[in-house]
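Visitor:
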Amino acid sequence: YKIGLATSDTLPATMLIMEYLGLTEMFDFIATGDRYLPKPDAAMLQAFCQSCQLKPTEVIMVGDSLVDVFMGTCHGKAGIGVLTGNCQSTDFEKFEVAYFRDIHEIPYQELWENTKNKKILKR
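FYI, the numbering for the sequence shown is 1 to 123, going by the numbering used here.
1) Assign I80 to one of three DSSP states: helix, strand, or coil.
2) Given a cut-off of 9 angstroms, decide if D64 and L83 are closer than it, judged by their beta-carbon atoms.
3) When the Cα atoms are used, what is the spatial distance from I3 to F92?
4) Measure the C-alpha to C-alpha separation of K118 and E25 and round it to an integer number of angstroms.
5) Distance, Cα to Cα, F27 vs D41?
6) Considering only the beta carbon of each residue, do T90 and K77 sit closer than 9 angstroms?
7) For R101, which residues of its own chain have a beta-carbon under 6 angstroms away from its beta-carbon, when the five flanking residues on both sides are left out?
8) Buried or exposed for Y108, going by 16 or more other Cβ atoms inside 10 Å?
9) For T10, count neighbouring C-beta atoms within 10 Å of its own C-beta (all shown protein chains included) and say buried if the count is 16 or more, exposed if not.
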């Protein structure tokens, strides 16, 4: 698998935080707001797919905001919400978006199978 980061922050600010937390090596691709059009535009996801040689159907977008999730679902990718940001469960439920408490709860294998089979994951 490949892991990418799409953030509205600038590249210098993102790299400073990533280096401080020791997370830089975990990501195969990093897209920042000063280098790409803002979310939910598809530019960040398209660049991630191109850089990692992935098809859009092979990508799952996980985010803590509706904009993150919409960036995935509006551009042919699975969009999953997590409750670690500003969104409440009711925000995701309003738009029938699958969501989880945090990234550790996400059943990635099930998600991958559902995405490949064009099924919608219901929570």
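Idealized CB from N, CA, C, for every residue including glycine.
All figures in this text were calculated on a predicted structure; none of them were measured in a lab.
Guide: Checking against the coordinates, here is how it stands:
1) strand
2) yes
3) When the Cα atoms are used, I3 and F92 turn out to be separated by approximately 23 angstroms.
4) Low per-residue confidence applies at K118: pLDDT is 48, beneath 50, and the placement is therefore not dependable enough to give any value.
5) Between F27 and D41, the alpha-carbon positions lie close to 21 angstroms from each other.
6) no
7) The residues are L83.
8) Y108 should be labelled exposed.
9) exposed
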